[in-house]
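Notes follow once the structure below has been shown.
Residue numbers (the numbering used here): 16 to 1006.
What follows is the structure, encoded as structure tokens:
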């Protein structure tokens, strides 16, 4: 019992913790004198465990070392702890002459089939000691120590908010008052594996005490979508501390320091990486992997799992733990759940960090096979039954994999790193096909049976479970891999949100310091002629001319470099770095040249600049230049070189914007349009934490703060869908495609009879198949309306994408849809590409940049707060782009429009808003009747009056665009011209 006077003090939290471990988790409470200070062992319990769990080995020890058995084994244990460390001793045990082997910890067997293994596991002795005086030099004590078989594994410093201290105070105590030098209990590797600082609400942990450099990480469950821990109420209504998940089994899972979880952490999670960092799982990593394995054990293969874990949450480790534990997962009947784990990435080059992590977790050499060569290497690994395979997803779409067979009897855990659209389409379909390949069957099947078999192969397979990891799931990702919730909509199986990661300090809030800049241009025509150009293309070319003009680049370079020197360079003790994100390869080269000019002119010799882009670019002297030539070293060396002290700024074009983990990045200068997923992934390059990194800076020359916030909102907390996509849209697509009159049902049937012939298809059948498809191509080419041709092409592609998506998530049971799909893939390849005559390039001989300036537009925080989220929309838009022809403009008209609007141009997103406003108006049957029954000069006014307020509402949050619509009559008239012509055409086609 504790006195009333001590009830509000930290000792009450500490004693409550210990009492619960003893009462509910089977711990023995031992006394401080049982801890041997020089050895950092509870010698009595070490010997008890060895004697009772391994009596034969102990008898051999006593026979070999009569009268000194205990001293001999303890001496050997102490030597091994010092030599290889606590983790290795607990996992591998120790040996003594003559070949006497002792296990120091018995881990839970994969199943209960072998009673000897179960008995050994049950023999483990978990114990706890309070107020442990550990120092051999002074009276220093640590509040509590946990032991496994007498070997210390965790230390604790408790604090109590009621007395004005908290877990941060405990962290400070570890840093300032717990020097590890010469102290066996606190020595890295040799002593306890982990050190916890906690109060009754919060927990943090460190695996290496290093005085003032000790680095703590949160170990909390998360509260209401953010950081911290939720309130805990036990069965019966008893209130508990928020840290009760450490010592009490709760509905959400077993206690962290229960026998099952603690020994699982020691046996299968903790590892020492090549940088000599002891990796202890963060709470969300441990929780995710254990819940994934428990569900897979209970439900078997053939499941889908979506793991939404924020960037910076340690995804490589979580994937590694999932793979290694999946291949060892057994049912209670001792049946393997998975034969092989396949880790897929859609990056063209295997993630080196992921490979390294998998290898570090490898306790048996040779388990991991990284496919860094050809697809033949992948085929060989699959056929050889490799346990863990790491590959890019593209290798499954090759001829070598189509020849694979006899995989359907094997079970696969397919783990997807950054699961996005490429892993929900044809590439994922190729994976499924390779892993479900059967031996050739002799049984007779009809053509209809074969069509349905093809269709079913695209869908869920009983021998494949998908584990899809991403911080930013798209709508197709949620529907493909999400778990159905009570609302019937798909949800992540496990969540560690961006908001929680920010609040816990695992990642930085990159939107905290956000500045936007506006560029103003004035152009002049410098030639007598006024050539005509295809309008939208020429607008882009003029814009590109202005944006990439040396004067414009030089102005922006000056802003970037001076900002970096003034605000960024001193961060991280002078190691801070920045990224310049450009819109194109040409822009990247222009910025690189501009940086060179500016650094030379200012004498800033202390700044190093690198550039990253693919392929070769014109060097301006008739030749070509590449990234390695500009940087002076191979492309593969760039990450390492940039990490060094010689380089500070990295200019990129579609490279290093995803998957690039560089914690020294403190600033980003953005000169390209970003939206949606791309905005989140690009800006998140800054969010990695590093000791001393407290601030990040973004200077954006292209996007508004509101645009960026909208991009982040769907992924800030749990990503959700407004509703499931309607599968019946596939029939609407089918009818739309047929309605164009280019394809014929009878021809599709003839095509299918050949393609799905029960006797098989040969190369001799290809001419017949192509001849059938050419009929549709001929009808398509005979269509005079180019707009109808292009709309059909787009709808054909939409059908293919949506069909593959649906077939992957449900059984369709309609052979006609499969026939149309296969026919559509052939027709799509045969349709001639659209001829687009090249306009002349815009050159300095045509234009002159008469004036240019850059002004700061907004500065401050763009950070999101709790509840600031938006739901993703389901798949619902299949309409072909409604442009039938493009207006030709003179060069002078383009220049005038550009100057008048100071560089403002309607984007694709803006046009989509216009179209949505028009479509909403056209849903009204009265409006349709008005347009149908009246001449255009009569009906236009009614149409404009109805669509105008809808457009204003669509742009109400975008002040700049609203002003253009309200005040620029010419711009408004052009928009209404377009929308009205589309509306008339819609009415005509529906007649």
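The beta-carbon is built from N, C-alpha and C at its ideal position, and this holds for glycine as well. None of the values given here were measured: they were computed from a predicted structure.
Three CB pairs or more closer than 8 Å across the stretch 625 to 641 and the stretch 711 to 718: No, the stretch 625 to 641 does not touch the stretch 711 to 718.
Mark residue 279 as exposed unless 16 or more other C-beta atoms lie within 10 angstroms of its C-beta, in which case mark it buried. With 16 or more Cβ atoms within 10 Å of its Cβ, residue 279 is classed as buried.
Short of 8 Å in beta carbon distance, which residues of its chain neighbour residue 66, apart from the five on each side in sequence? Order them along the chain. For residue 66, same chain residues with a beta-carbon under 8 Å away, outside a window of 5 residues either side, are 73 in chain order.
Using the Cα positions of residue 837 and residue 466, report the straight-line distance between them to the nearest angstrom. Residue 837 and residue 466 have their C-alpha atoms some 10 Å from each other.
Cβ-Cβ distance between residue 730 and residue 695 below 7 Å: It is a contact, given that the beta carbons lie within the stated cut-off.
Selection from 185, 208, 26, 49 that minimises the alpha carbon distance to residue 96: Considering only alpha carbons, the answer is 208.
Spatial neighbours of residue 275 within its chain, please: CB distance less than 6 Å, with the 5 preceding and 5 following residues excluded, ordered by chain position. Around residue 275: 269.
Exposed unless 16 or more other CB atoms sit within 10 angstroms - verdict on residue 825: Counting of Cβ neighbours within 10 angstroms places residue 825 among the exposed residues, the total staying below 16.
Return the chain-ordered list of same chain residues with a C-beta closer than 7 Å to the C-beta of residue 215, the five sequence neighbours on each side being excluded. Excluding positions up to five away in sequence, the list reads 28, 175, 176, 256, 257, 258.
Going by C-alpha to C-alpha distance, which of 155, 867, 200, 346 sits closest to residue 534? Checking every option, the nearest Cα to that of residue 534 belongs to 867.
Reference residue 338; option with closest CA among 295, 373, 322: Ranking 295, 373, 322 by CA distance to the CA of residue 338 puts 373 first.
Do the stretch 566 to 578 and the stretch 650 to 662 touch if we need at least three Cβ pairs shorter than 8 Å? Cβ pair count under 8 Å is below three, so no.
Residues sharing a beta bridge with residue 345, DSSP: For residue 345, the pairing in a beta bridge is given by DSSP as 351.
In whole angstroms, what separates the C-alpha of residue 5 from that of residue 679? Here the chain comprises residues numbered 16 to 1006, so residue 5 is not present and cannot be evaluated.
Taking contact to mean 3 or more Cβ pairs, one atom from each stretch, closer than 8 Å, check whether the stretch 73 to 84 and the stretch 100 to 120 are in contact. Taking a contact to require three or more Cβ pairs closer than 8 Å, the stretch 73 to 84 and the stretch 100 to 120 qualify as touching.
Between the stretch 691 to 707 and the stretch 467 to 476, are three or more C-beta pairs nearer than 8 Å? Result no; under three Cβ-Cβ pairs closer than 8 Å.
Which class does residue 265 belong to by DSSP, given the choice of helix, strand or coil? Residue state, collapsed to three classes: strand.
According to DSSP, is residue 50 helix, strand or coil? It is coil, neither helix nor strand.
Residue 382 - DSSP class collapsed to helix/strand/coil: If DSSP states are grouped into helix, strand and coil, residue 382 belongs with coil.
Exposed or buried, which one is residue 25 when buried takes at least 16 other CB atoms within 10 Å? With 16 or more Cβ atoms within 10 Å of its Cβ, residue 25 is classed as buried.
Evaluate residue 896 with the Cβ neighbour count: other Cβ atoms within 10 Å of its Cβ, from every protein chain shown; 16 or more gives buried, anything less gives exposed. Because residue 896 sits at a pLDDT of 49, beneath the cut-off of 50, its placement in the model cannot be relied upon, and the point is left open.
What does the Cβ neighbour count give for residue 7, buried or exposed, with the cut at 16 atoms within 10 Å? Beyond the ends of the chain as shown, which are 16 and 1006, falls residue 7; an answer cannot be given.
With 16 other Cβ atoms within 10 Å as the buried cut-off, status of residue 210: Buried: at least 16 other Cβ atoms inside 10 Å.
Closest by C-alpha distance to residue 771, when choosing among 291, 833, 791: Among 291, 833, 791, the Cα nearest to that of residue 771 belongs to 833.
Element boundaries [beta strand (DSSP E), containing residue 144]: Looking at the DSSP string, the run of the beta strand (DSSP E) that includes residue 144 is 141 to 148.
Can you give me the Cβ contacts of residue 900 inside the same chain, cut-off strictly under 8 Å, excluding the 5 residues immediately before and after it? At residue 900 the pLDDT is 38, less than 50, meaning the model places this residue with poor confidence; the figure from the coordinates comes in the next sentence. Correct list, in chain order: 801, 802.
Along the chain, where does the alpha helix (DSSP H) containing residue 801 start, and where does it finish? Following the DSSP letters along the chain, one finds residue 801 inside the alpha helix (DSSP H) bounded by residues 801 to 824.
Neighbourhood of residue 231 by C-beta, 7 Å cutoff - its chain only, sequence neighbours within 5 removed: Taken in chain order, the residues that qualify are 186, 212, 219, 220, 221.
In terms of residues, what are the limits of the alpha helix (DSSP H) holding residue 509? Per DSSP, residue 509 belongs to no alpha helix (DSSP H); it is in the beta strand (DSSP E), 509 to 511.
Could you please give me the residues that DSSP links to residue 321 through a beta bridge? Looking at the DSSP assignment, residue 321 forms a beta bridge with 483.
In this structure, does DSSP put residue 875 in helix, strand or coil? The answer is strand: DSSP assigns residue 875 an E or B state.
Could you have a look at residue 328 and say whether DSSP puts it in helix, strand or coil? In this structure, DSSP gives residue 328 a state outside helix and strand, which the three-state scheme calls coil.
N- and C-terminal bounds of the alpha helix (DSSP H) containing residue 683: Careful: residue 683 lies outside any alpha helix (DSSP H), inside the beta strand (DSSP E) at 680 to 686.
Can you say whether residue 789 is buried or exposed, counting buried as having 16 or more other CB atoms within 10 angstroms of its CB? Counting of Cβ neighbours within 10 angstroms places residue 789 among the exposed residues, the total staying below 16.
With respect to the beta strand (DSSP E) encompassing residue 431, which residues constitute its N-terminal and C-terminal limits? Membership of residue 431 in the beta strand (DSSP E) is indicated by the continuous run 427 to 432.
My output table needs one value for residue 390: the three-state DSSP class, helix, strand or coil. In the structure shown, the three-state DSSP call for residue 390 is helix.
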